Amino acid sequence: MTRSTLCILGAAGLALCAGCGRRVASAAEGEPTVALGLGPDRPVANQPLGPLPGPGDIPPVPNPLGDDRTVLEEGRKLFVQYNCAGCHGGRAGGGMGPSLRDADWRYGGSPDRVFNSIAQGRGLGMPAWGARLPEKEIWEITAYVGALRTPREPEAPR
Amino acid sequence: MNRLACGLALAALADLLAGGCRKSEAGPMPDERVGSVAQVAGTRPGIRLASALPQGDWRLPNGDYASTRFSPLAQIKVANAANLHVVTTASTGVPHGHEGNPLVVDGTLYVVTPFPNNLIAIDLRQTGGAIKFIYEPHPDPRAVGIACCDVVNRGASYADGKIIYNLLDTTTVAVDARSGKEVWRRRLGNIDIGETVTMAAMVVKDKVLVGSSGGELGVRGWLAALDVKSGQELWRAYQTGPDKDVLIGPQFHAFYKKDQGPDLGASSWVGDQWKRGGGNIWGWISYDPQLNLIYYGTGNPGVWNPDLRPGDNKWSCAIIARDPDDGHAVWANQLVPHDHHDYDEIMENVLVDMDWGPRKLRKLLLHPGRTGFMYVLDRETGELLSAEKFEASTNWARGYDLKTGLPLEEKSKQTGSGRIVEDICPSSTGGKEFIPSAFSPRTGLLYIPAHNTCMSYEGLPANYIAGTPYLGADVRMHPGPGGYQGELVAWDPARARKVWGLREEKLPVYSGILATAGDLLFYGTMDGHFRAVDARTGSPLYDFHAGSGIVGNPMTYLGPDGKQYVAIYAGVGGWMGAVASPDVSADDPYAGLGVVGAMKQIKQLTGLGDTLYVFGL
Chain X
1 MTRSTLCILG AAGLALCAGC GRRVASAAEG EPTVALGLGP DRPVANQPLG PLPGPGDIPP
61 VPNPLGDDRT VLEEGRKLFV QYNCAGCHGG RAGGGMGPSL RDADWRYGGS PDRVFNSIAQ
121 GRGLGMPAWG ARLPEKEIWE ITAYVGALRT PREPEAPR
Chain V
1 MNRLACGLAL AALADLLAGG CRKSEAGPMP DERVGSVAQV AGTRPGIRLA SALPQGDWRL
61 PNGDYASTRF SPLAQIKVAN AANLHVVTTA STGVPHGHEG NPLVVDGTLY VVTPFPNNLI
121 AIDLRQTGGA IKFIYEPHPD PRAVGIACCD VVNRGASYAD GKIIYNLLDT TTVAVDARSG
181 KEVWRRRLGN IDIGETVTMA AMVVKDKVLV GSSGGELGVR GWLAALDVKS GQELWRAYQT
241 GPDKDVLIGP QFHAFYKKDQ GPDLGASSWV GDQWKRGGGN IWGWISYDPQ LNLIYYGTGN
301 PGVWNPDLRP GDNKWSCAII ARDPDDGHAV WANQLVPHDH HDYDEIMENV LVDMDWGPRK
361 LRKLLLHPGR TGFMYVLDRE TGELLSAEKF EASTNWARGY DLKTGLPLEE KSKQTGSGRI
421 VEDICPSSTG GKEFIPSAFS PRTGLLYIPA HNTCMSYEGL PANYIAGTPY LGADVRMHPG
481 PGGYQGELVA WDPARARKVW GLREEKLPVY SGILATAGDL LFYGTMDGHF RAVDARTGSP
541 LYDFHAGSGI VGNPMTYLGP DGKQYVAIYA GVGGWMGAVA SPDVSADDPY AGLGVVGAMK
601 QIKQLTGLGD TLYVFGL
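For the protein sequence lines, the chains are X and V, in the order given. If you count the first sequence from 1, position 11 lands on 11 in my numbering, and the numbers rise without skipping. If you count the second sequence from 1, position 277 lands on 277 in my numbering, and the numbers rise without skipping.
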């Protein structure tokens, strides 16, 4: 995603981003999620522009399902059931895909960004699960990922 | 990403050329010597080589057709091995597992990198080791995410003026060895259903043999033969399914009853599970020019959890002999029916003729198994002649019944749904991995890079979702009993016993072995030590600490100056070695299909690397 076309897909990654800079309805709870737009300063030839916002400048959107124990446990169950564990490790420590337990997030670690990575897929082999999974389940998996390495992690490694 | 913009940091090659240029003793292609295999001076009585050995060059993945990894070169020997030193290094710019080994053909050294699978040609005749060319094939980057065990490549073959190798995205390429121009490329599989290719392409006669990877994604294994001139596919044999797909016909004669009957590749499964049944071919292929047969092993059955796939699951975990001309199967022997432990049997098959009981110079196939058993088969019939544990901790089976060819399994170590089975030895990574052994006709010993790693295993439900892992297992590995995790085992196949072993305390031995007529063994360790040891006694003679762990295979060649060199990659990675990567967390012992439990200490012992080292006197 280039920095000038940042948008948050709040609706299962199904390309519902109708236009960057607008408020996009989240299909989860009807909560609006804010996408940062370009504003009035559009690029003009031979005119300096900037600084441009980076991904971290967008306020994170919380998980609409919260992080109740039932949500986390459901997320853990789905993480195994949908074979996430096969790629990202039995307790998400990595393998075919990168670890989700460490501090590094290639595409952002906030709930909305994790949601988008699951829903849209990523370039080096992450499938676009938004095409197959209900949005609720993606948020549940997102909640589980967010709980890794915290005291709330279900089935934490012994 | 991963562009090879980084320069090849070649250190001084000047001394390599100090002796003046002289044409390398390339020798004829092995094909030209069929029927008159030169035997090595000092060969023990009762031993005969099955194919020609590499002379000055190294043109096949394991050097020769018979996969002995033995070189007749003897300039470097026990008396002078202590004088070895690094003569040159080169960076590939790809910090992933560097498995396999370079080739050397007519004064040029060829390196195939891990993904993006570039081919780097280094001119050994020029001072400074000039790069002749870098060929960039640009494979599909989506293949990275479906490669089970790092984005490795196990090497190339040279034939018909071309360097021929496989890309991770299932494309095979042939590159003109002199110009670096692509001659042909052929896509053989589909990454969207999890197919990748990591094995070294093997050229036999006029055919390029390529097998699939993807046993962790329910890929139905196949072996394809391509025309060396054009890349056109000539035949393809699947490893599961009805006989017509497996290329089993009237010429097929399995030795054991367990392997006899029509369409076992389908009927030994429930329903159409064979379509997701694994049996991939990502290891090595051997060839016997006299019998005109190729030999290879097949990988684990699809979905790991055995309760989800009742039946013998043929032809997973089997050794298969085929005629390379049209691919028809001649015999098969499934070493492990209904695998419980992910024991791929894709290991090397070392072909050698040896006295066996009253039989003189019997045509044998030596197969050190992932199961922890050292198998000896009659390679004309597939009969199992011997199966003994080469690592004592092996406990999934007590032994083999040579009359039925079946393992005597320990029921308490069989895995399944709803239970955690503890302390299974070896772990899924095996009593050894794909990393190839070496055989010396001068000592009569097979040198096995062994592991002493065990595991706990819990069977889970699994969904088949194309292009994602198909496992149904929660695996956690740990070092085996005895306070060591790796061992170089010198094994006497004739007496079915270990002669000596060199133990590695912390990590498995994950490097191939090279044996030479100088009575030396060369190998590397996962913490980066490159070693030369005495092939007869195991006495250490030389040790160099490389910049990264070694998971590649040493090879040897004569340089244009007529001197012997030994080359090896140092770039840790692969299934177990990838734990060194920052993309794998040490606090999840179940990560990396369970290897982190046994390997997390590697993060303190070495780091990622990408370097070719060349040693000389």
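The beta-carbon is built from N, C-alpha and C at its ideal position, and this holds for glycine as well. Bear in mind that the values here come from a model prediction, so they are computed numbers and not experimental data.
| Asked | Found |
| --- | --- |
| Contact check, V:W274 vs V:G241, beta carbons under 7 angstroms | yes |
| Amino acids of chain X, ordered along the chain, whose beta-carbon sits closer than 9 angstroms to that of V:I146 | C87, M96 and G125 |
| Contact with chain V by X:G93, beta-carbon distance below 7 angstroms | yes |
| Whole-Å CB distance - V:G277 paired with V:R220, under 8 angstroms assumed | 6 angstroms |
| Residue nearest to V:S437 in terms of C-alpha spacing, selected from V:D355, V:A66, V:V579 and V:W356 | V:A66 |
| Closer than 7 angstroms to chain V by CB, X:R101 | yes |
| N-terminal and C-terminal residue of the alpha helix (DSSP H) that V:L228 is part of | For the record, residue 228 of chain V in the displayed sequence is Val; it is not Leu. Run containing V:V228: none; DSSP gives neither H nor E here. |
| Proximity below 7 angstroms, CB of V:Y565 to CB of V:G552 | no |
| Collapsed DSSP secondary structure at X:R23 in the structure displayed | Since pLDDT at X:R23 reaches only 38, below the 50 mark, its modelled position is unreliable, and the value read off the structure follows with that caveat. Strand at X:R23. |
| Short CB-CB distance (under 7 angstroms) between V:Y510 and chain X | no |
| Under 7 angstroms by beta carbon: chain X residues contacting V:D583 | G94, P98 and S99 |
| Span of the alpha helix (DSSP H) around V:G524 | Element bounds for V:G524: not the alpha helix (DSSP H) but the beta strand (DSSP E), L520 to G524. |
| With 16 other Cβ atoms within 10 Å as the buried cut-off, status of V:L361 | exposed |
| Inter-residue Cα distance where the pair is V:L445 and V:V37 | 20 angstroms |
| Three-state secondary structure assigned by DSSP to V:V336 | coil |
| Simplified DSSP state of V:F390, which is helix, strand or coil | coil |
| Any C-beta of chain V under 7 angstroms from that of X:P134 | no |
| Straight-line Cα distance separating V:D561 from V:V204 | 30 angstroms |
| Cβ-based burial, V:P582 [other Cβ within 10 Å; buried from 16] | exposed |
| Endpoints, the beta strand (DSSP E) within which X:Y144 is located | Run containing X:Y144: none in the beta strand (DSSP E); it sits in the alpha helix (DSSP H), E135 to A147. |
| Assigned exposure category for V:Q389 - 16 Cβ within 10 Å defines buried | Sequence check: residue 389 of chain V is Lys here, not Gln. Under this definition V:K389 is a buried residue. |
| Delimiting residues of the beta strand (DSSP E) encompassing V:D378 | F373 to D378 |
| Integer Cβ distance of V:G107 from V:L124, believed to fall under 8 angstroms | 5 angstroms |
| Contact under 7 angstroms by Cβ, X:P111 with X:N46 | no |
| Nearest residue (CA-CA) to V:G214, options V:M199, V:K432 and V:D206 | V:M199 |
| Every unbroken alpha helix (DSSP H) inside the segment 525-593 of chain V [4 residues or more] | 574-577 |
| Beta strand (DSSP E) segments (min. 3 residues) lying fully within the segment 139-212 of chain V | 156-159, 162-166, 171-176, 182-187, 202-204 and 207-211 |
| Buried versus exposed call for X:V44 [16 or more other C-beta atoms within 10 Å across all chains shown] | exposed |
| Below-7 angstroms beta-carbon distance, X:P157 vs any chain V residue | yes |
| X:P154 - DSSP class collapsed to helix/strand/coil | coil |
| Extent of the continuous alpha helix (DSSP H) to which X:P111 belongs | P111 to Q120 |
| Where X:Y82 meets chain C, residues with beta-carbon distance less than 8 angstroms | No chain C appears in the structure shown, which is made up of the protein chains X and V. |
| Closest Cα partner of V:V40 within the set V:S393, V:A224 and V:L73 | V:L73 |
| Residue-level contact to chain V via CB, X:G90, 7 angstroms cutoff | yes |
| X:L9 - DSSP class collapsed to helix/strand/coil | For X:L9, the predicted structure reports a pLDDT of 37, less than 50, and the residue's modelled location is therefore unreliable. A value from the coordinates is still provided. Coil. |
| Three-state secondary structure assigned by DSSP to V:E422 | strand |
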